[in-house]
Structure formats: structure tokens, C-alpha cells
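To start, the structure itself, in C-alpha cells.
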Amino acid sequence: MRWFRYLHKVVNLGLVLAIAGMLNFPAIDKAQAQAKKDATEWIKQGRQLWQKNDISGAITAYQEASKLEPKNSRILTSLGFLLTQQSNYSSAIAALETATKLDANNAKAFNALGFVYVRIKDYPNALTAYRRVIALDSKNVDAYNSVGFLLTEQKKYAEAAKIYRQAIAIAPQDPSVYLNLGYVLKLSGDSQAAFEAYSQADRVAPFNADVLVAVGNLFAERNQTDEAIAKYKRALEVNPRHPKANLAISTIFENQGNYAEAITSLRRAANSRNIPPNQVIELQNSIASLYVKQGSVSGAIVAYRQILEVDPENADTYLALGKILAAQQRFSEAREMLENAERFFSRSGNVEGISKVRKALSELK
3 MRWFRYLHKV VNLGLVLAIA GMLNFPAIDK AQAQAKKDAT EWIKQGRQLW QKNDISGAIT
63 AYQEASKLEP KNSRILTSLG FLLTQQSNYS SAIAALETAT KLDANNAKAF NALGFVYVRI
123 KDYPNALTAY RRVIALDSKN VDAYNSVGFL LTEQKKYAEA AKIYRQAIAI APQDPSVYLN
183 LGYVLKLSGD SQAAFEAYSQ ADRVAPFNAD VLVAVGNLFA ERNQTDEAIA KYKRALEVNP
243 RHPKANLAIS TIFENQGNYA EAITSLRRAA NSRNIPPNQV IELQNSIASL YVKQGSVSGA
303 IVAYRQILEV DPENADTYLA LGKILAAQQR FSEAREMLEN AERFFSRSGN VEGISKVRKA
363 LSELK
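Residue numbers for the sequence shown follow this note's numbering, so the first one is 3 and each next one is one higher.
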């Protein structure tokens, strides 16, 4: 009977443990459910902050969400996007790499990862990431364009042309792909094939200013000036402030000695919305150069000062402005500009620039 009582105790003990385990499962499930609920609240808050452009606040919210759900690939993908907006590329890569390891089919994470690698000019890893996007989403035209761009940067023009043609097969009505194909064919030296690609883009999107400028540029290179001007003017009818159209047509006007029209076109381009700083500098430098050719020194001074509003440490502009002011016998202003130029050239280690500044300073009376 002892063995029976012993067995009875064992069975009872097993029953108690089983019941205890059963009672514990809901507690675990409840905790997991609460964590998921809390993570959802953090995500909701993060999205709201993101929409308000409070990137720091959004990052904090998504970090809290990722602590609660550390294996959630989508949360880490959003966090990676946000970190990229703050140029925190190392942390963005860490978040996105983890996201892709958690979910090898997360095309958005691979796409974001490719973007970050492009920003830090790590083209091999960027290429790997974008190729993975294509493998996951074969109709993602942006990924094809990105791969084509990276191959072009590596001067692999034949491979780039091949990838762009694949993209055209997927999106035959997308003019950007024809433009990219035309550009890489032009770089490879096949101007006729480039012209055919741009012409196809023109047929697909006859009112696309970028396409019109690209076709116009090819006409200009062939010295077909009238045809080029016609395309540029059509582009300006579509978008009067189109930077590249205005810059292109101003070059033709300048070559014809029509400086006034050239300056008008450049100023129109410089006043475009959302124009990148480097393009503003390029346009204002061209404006300043034309004013000097025209004999209007005051106009050149204004143009150079507008460059310094965009880039207050532009040493070349300080040097150019200093020389013009010196020629106007505005010596104290000239000296200030030249000293600024020397300081910024020294900071970047530009020996040639420093030499030019010191020569200009020595010539001041």
C-alpha cells in the first residue's frame, strides 16, 4: 500500500505542477499582450510626432516601442528611417541591419539600408541592398533606378544600361527610366542611342520639363541651336523656373553675346523653390561672371553676396568678392573679404587658395 500512497502523492504533485503551469500561462500571455499594447501606443505617438516633424521625439517613441517588441522588424525599419533623417547613419544602419535579419523579406528595410549606404558612399553594400529589394519586389522601379545609378557611379555603363532596360520593360510609361538610360548611354559614348532613349522619353511624356531639357542638350551638343532653344523654351512653358532649362538656355544666350537675356534666365532659375544649395551657388557664380563681362560690377557683388548667404564659409567667393571690391577702391571691405577667404582656405588646407589671397592682400593699397 505504501507504493500506492507514494504513487498517489507523485500523481497529486504532478497535478499540482500542471495546474500551476496552466495558471502561469495566462499571466505570461497577459504580460505579452500588455507589452504589445504599450508598443502600439508608442508607435502611435511616434507617428504623430513624425507628422509634426519632431524627429527627435519620434525616434524616442520608436526606441521605446522597440524595447517592448525587440523582434519587430517593422518598428526597427521606421526607427532606421528616422535616424537617417538626423544623419545618424551608423545607428540607422544598425537598426536596419537588425530589421533585415529579423525579416529577410522586409523590402522596405533593405530599401532604406541601400539609401543610407549611398549617403555614406558605401556603394558595394548599397548595391547589395538594392538588388535584394529587386529580388523581393521585381516591379520596384525605384530600386532599378538606384542600382543603375550605383553602376553608373562605378563606370559600369553596360551593366547600368541593362538594368535600365529591365526597368523600362516593367514601367514603359515612366520617363525617368528613359532619361537615366539616355544619360548612361551618353556617358558610354553612344550619342545616337542616347538620343533615341531621350526621344522615347519625349514621346512618353511630351510635357515633362526634364525630358525636354535632356533632348535640348543633345541638340545643343550637335550644334543644332535652334532646335535646342525650341526644346528649352517648351520646358520653360511647362515650368518657367526650371533650373536646368534656364541654365541651358542662358549658356546659348551667353555664347551669342546676349548677356542680358542670359542673366534673366539665370536669375529666374536661382529664384526657383526648393533649389539645392550647390545649384544656387553654381547659378549665382554664373550670374556674377556675366555681370563682370557686361561691366556691371555692382550686379556681380550682389550675386556673390547671395552665395555667402547660402554658404557663409565659401572661400572662393570671398576671394572673388575681395578682388572686385579692391578694384572699386573699397579697400577696407576688400581686406575683410580677403581675410575671410584666407581663414577658410587655411581651414581646408587649400595651399593654392591661400597663395592667391596673400597675393591679392599684398596688392591692396
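Beta carbons: idealized from backbone N, C-alpha and C, even for Gly.
Going straight from the alpha carbon of residue 71 to that of residue 87, what length do you get? For residue 71 and residue 87, the gap between their C-alpha atoms comes out near 23 Å.
Should residue 228 be labelled buried (16 or more other beta-carbon atoms within 10 Å of its own) or exposed? Counting the other Cβ atoms within 10 Å of the Cβ of residue 228 gives fewer than 16, which makes it exposed.
Once the 5 residues before and after residue 319 are set aside, which same chain residues still bring their CB inside 7 Å of it? Cβ within range, chain order: 306, 309 and 310.
Could you tell me the alpha carbon to alpha carbon distance between residue 114 and residue 48, rounded to whole angstroms? Near 18 Å, if we compare the C-alpha coordinates of residue 48 and residue 114.
How many angstroms separate the CA atom of residue 251 from the CA atom of residue 224? Cα to Cα, residue 251 sits roughly 15 Å from residue 224.
Roughly how many whole angstroms lie between the Cα atoms of residue 325 and residue 355? Residue 325 and residue 355: Cα-Cα distance of roughly 13 Å.
Can you name, in chain order, every residue of its own chain whose Cβ lies under 7 Å from the Cβ of residue 303, other than the five neighbours on each side? Excluding sequence neighbours, residue 303 sits near 323 and 326.
Residue 112 - containing alpha helix (DSSP H), residue span: Counted as a single uninterrupted DSSP element, the alpha helix (DSSP H) harbouring residue 112 occupies residues 109-121.
Answer yes or no: do residue 184 and residue 171 have a C-beta to C-beta separation smaller than 8 Å? No.
Does DSSP put residue 157 in a helix, a strand or coil? Three-state DSSP puts residue 157 in coil, outside helix and strand.
Residues near residue 296 in its chain [Cβ-Cβ closer than 6 Å; skip 5 each side]: Excluding positions up to five away in sequence, the list reads 261.
One question on the structure: do residue 150 and residue 127 come within less than 8 Å of each other, judged by their Cβ atoms? Result no, Cβ atoms of residue 150 and residue 127 do not sit closer than 8 Å.
Whole angstroms is fine: what's the gap from residue 206's alpha carbon to residue 176's? Those two C-alpha atoms are separated by around 8 Å.
Can the beta-carbon of residue 346 be found closer than 8 Å to that of residue 328? Cβ distance not < 8 Å, so residue 346 and residue 328 don't count as in contact.
Rounded to whole angstroms, what's the CA-CA distance from residue 23 to residue 91? Just pull it up for me. Model confidence at residue 23 stands at a pLDDT of 43, short of 50, so the residue's coordinates are unreliable and nothing is read from them.
Tell me the DSSP secondary structure of residue 28 in three-state form. Note that residue 28 scores 49 on pLDDT, short of 50, meaning its location in the model is unreliable and no value can be drawn from it.
Rounded Cβ spacing between residue 255 and residue 267 (contact assumed at less than 8 Å): Correct: roughly 7 Å between the Cβ atoms.
Restricting to Cα atoms, I'd like to know which of 179, 272 and 339 is closest to residue 169. The alpha carbon of residue 169 has as its nearest neighbour, out of 179, 272 and 339, the alpha carbon of 179.
Residue 124 to residue 331, Cα distance in whole Å? Each residue's Cα considered, the two are about 49 Å apart.
Tell me whether the beta-carbon of residue 67 lies closer than 8 Å to the beta-carbon of residue 44. In this structure, the beta-carbon distance from residue 67 to residue 44 falls below 8 Å.
Endpoints, the alpha helix (DSSP H) within which residue 69 is located: Per DSSP, residue 69 belongs to the alpha helix (DSSP H) from 57-70.
Using the Cβ count rule (16 or more neighbours within 10 Å means buried), how would you classify residue 270? Classification for residue 270: buried.
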